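Mature numbering (1 follows the signal peptide of the UniProt record, and there is no 0) puts the sequence shown at residues -30 to -1, 1 to 464. Backbone N, C-alpha and C define an ideal beta-carbon position, used for all residues, glycine too. Computed from a predicted structure; not experimentally measured.
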Amino acid sequence: MSWGTPLLRTTVICLAVTTAACRVSPPAQPQLPFSLPATFAATPTGAFTPAERWWTEFGDDRLNQFVETALLRNPGLAQAIARARIAEAQVRVTGADALPQVGIGLNSTRQRQNLSGMGLGDLAGDMAILSNNHNAALDISWELDLWGRLSALSASARADFLASGEQLRAMRQSVAAQITQLYFDVAHARAQVKLSEDTVKALDEMSRQINNRVAVGIASPADGQLAEANLGSARAGLEQRREALALNIRQLEVLMGHYPAGKVQTGDTLPEVAPAPAAGVPAELLMRRPDVRAAELALIGAGYQLGAAKRSFLPSFSLTGSGGYSGSEFSELFNSSNLVWSIGGRIVQPIFQGGRLIAQVDAVEGQRDETLGAYVETALNALAEVESRLAVESLLARREQALDSSATAAEEAVRVSYNRYQQGIDPFLNVLESQQRALDGRSAHITARHARIENRIALHLALGGGFEADSPAVLAVTPVAAGSLSTPSRKEPR
């Protein structure tokens, strides 16, 4: 019988024992300390259909290109991808602890031993023995996971990895929303600049006409001075809006991973806002939002960590084995007569460690409770974001419509007041006041449209749609397939 048969038989037995013993009951699905309503309080209701590329609803090809560029080049996304790769590698590191550790070694020694120290008296004289010893062996060590401690640690790492995938998906959604928001911030700033430029042009023409009237004595010099003052104020306002535009452009370039040269081009109009999408139901939202899912997976991982900490009180079992060759002549080392092997086992039961194990359990319990609080807070924030964004949808639409009507009326009032001034009916001050109301009114209307777009972007982000195929991320960034790492079940560890 070869030396490997007893070791192989013992290994097979241990495999069967650990397979049956080390199963870990997964943590239970966390319960929220409040009940979820059947529908959102705000409208609209209906089944939610995730939009993979929701920003395309604005119908702007340049925006679509900017978002795709940012998803490839954004530095924050690169960091999130790296974190996902680290978490995936940690799964493999933790899983390796539960497997046999195998190594091969080769060593040679030469030894001299004096016979005088062997009790031979004067017979030994100065005689000595020289000896050689050569060893080649395969060494195996294996901690048997009888109580599931190593399995719990591996499951915790797996949950952390899946959470990193959800965090990456949340990051992608956030970058898409930030790009869309900044794009329309730039478009809003351009629209305000264009409005100011048109106003300056109109005021410049009006100032020229007033000065002509002053020159022929039809108007007073004060009217000419008022016109010049109003024109100067409008020019200052134009420069202020150009400053805001330049700042927004550079922020957009940085988010896309470009040098902030201030050269990116966008449109100068804001699109019509489509009707709000159906929001679905609150329970579905919590299962869909990547930040909520990441928080839940973090809680599951903390539950496994707690299970592993509690199992540290139980005895640990380890198996060691070695087999190879040992001889005095290297040329004959691998002869069958030099075959050697050994096998052994070790059991260690913690008795006293100064309270370290108890403190570790207390610390992990505290971390689990902290993670539970973070999960509840994340879920509440997710629900509040959807409710808030849905609630103001109709309010913003009515506000925009009212401001559009007001701005149109104010613009007509400018024409009427200037005609009345030319007819000598009204003072020039009325013209200036009507011009300011028209400028403020149209500017407010543009800002109201921008606010509706802002709210729609935030609503899409709050609903958690998009990038469903990317969870866990981009897990394809490493050779390990995402499908090989199953999602931990959700029951309390025992």
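Looking at residue j and residue i, is the spacing between their C-beta atoms short of 8 Å?
i, j, result
"ALA133", "GLY271", "yes"
"ALA146", "VAL37", "yes"
"SER312", "GLY291", "yes"
"GLY380", "ALA408", "Per the sequence presented here, residue 380 reads as Ala, with Gly not at that position. Their beta carbons are under 8 Å apart, which means ALA380 touches ALA408 by this criterion."
"SER166", "ALA192", "no"
"residue 465", "LEU123", "Outside the modelled stretch of the chain, which goes from -30 to 464, sits residue 465, for which no answer is possible."
"GLY237", "ARG220", "no"
"VAL186", "GLY194", "no"
"residue 490", "LEU201", "No answer is possible for residue 490: the residues shown for the chain start at -30 and end at 464."
"SER282", "GLN330", "yes"
"GLU27", "ALA361", "no"
"PHE4", "GLU58", "no"
Classify residue i as buried or exposed, calling it buried when 16 or more other Cβ atoms lie within 10 Å of its own Cβ.
i, result
"PRO260", "buried"
"MET141", "buried"
"SER298", "exposed"
"MET257", "exposed"
"ARG263", "buried"
"ALA439", "Unreliable placement is indicated for ALA439, whose pLDDT of 43 sits below 50; the coordinate value is still reported in the next sentence. Classification of ALA439: exposed, given that the 10 Å Cβ count is below 16."
"THR239", "exposed"
"ASP115", "buried"
"THR79", "exposed"
"ILE317", "exposed"
"ARG139", "buried"
"LEU69", "exposed"
"SER441", "Any reading at SER441 needs caution, since the residue's pLDDT is 43, under 50, leaving its predicted position unreliable; the model's value is listed next. SER441 should be labelled buried."
"VAL72", "exposed"
"LYS171", "exposed"
Sort the options by Cα distance to residue i and report the nearest one.
i, options, result
"ARG128", "SER203, ILE99, VAL61 and LEU165", "VAL61"
"ASN400", "ASP332, VAL356, THR239 and ARG385", "ARG385"
"LEU366", "PRO3, LEU42 and ALA246", "ALA246"
"MET226", "ASN77, LEU42, ASP30 and ALA383", "LEU42"
"LEU179", "GLU167, ALA197 and THR169", "A quick correction: the sequence has Gln, not Leu, at residue 179. Cα-wise, what sits closest to GLN179 is ALA197."
"ASN84", "SER190, PRO70, LEU100 and ARG390", "LEU100"
"ASP155", "ARG23, LEU429 and ILE416", "ILE416"
"VAL234", "LEU152, LEU327 and SER282", "LEU152"
"ILE423", "ILE149, ASN102, LEU327 and THR9", "ILE149"
"ARG74", "ALA279, SER111, ASN103 and ASN44", "With the sequence shown as reference, residue 74 is identified as Ile, and Arg is not the correct amino acid for it. When each option's Cα is compared against that of ILE74, the closest is SER111."
"GLU363", "ALA428, PHE322 and ALA377", "ALA428"
"GLY434", "LEU353, ARG412 and ALA377", "LEU353"
Residue range of the alpha helix (DSSP H) that residue i falls in?
i, result
"PHE398", "398 to 433"
"LEU309", "Here LEU309 belongs to no alpha helix (DSSP H); instead the beta strand (DSSP E) covers 309 to 318."
"ASN77", "It is not in any alpha helix (DSSP H) - ASN77 instead sits in the beta strand (DSSP E) that spans 71 to 84."
"ASP226", "According to the sequence displayed, residue 226 carries Met and not Asp. Looking at the DSSP string, MET226 is not in any alpha helix (DSSP H), and its letter there is neither H nor E."
"SER177", "119 to 185"
"PRO45", "45 to 66"
"ARG259", "ARG259 -> no alpha helix (DSSP H), and no H or E assigned at all."
Hey, quick one: how far does the beta strand (DSSP E) through residue i stretch, first residue to last?
i, result
"PHE287", "286 to 297"
Give the secondary structure of residue i by DSSP, where H, G and I count as helix, E and B as strand, and everything else as coil.
i, result
"TRP25", "helix"
"SER(-29)", "With a pLDDT of 44 at SER(-29), under the threshold of 50, the modelled position of this residue cannot be trusted; read the value that follows with caution. Coil at SER(-29), not helix or strand."
"ASN105", "strand"
"ILE110", "strand"
"ALA(-3)", "strand"
"ILE395", "coil"
"ILE270", "helix"
"LEU100", "strand"
"LYS280", "helix"
"GLY343", "helix"
"VAL356", "helix"
"ALA206", "helix"
"SER328", "Note that residue 328 corresponds to Ile in the displayed sequence, not to Ser. Helix."
"VAL234", "coil"
"PHE36", "helix"
"ALA11", "coil"
Compute the minimum distance between the beta carbon of residue i and the heavy atoms of the ligand ATP, and state whether it is under 7 Å.
i, result
"GLY250", "Only the bare structure without any ligand can be found here, which leaves the ligand ATP out of the picture."
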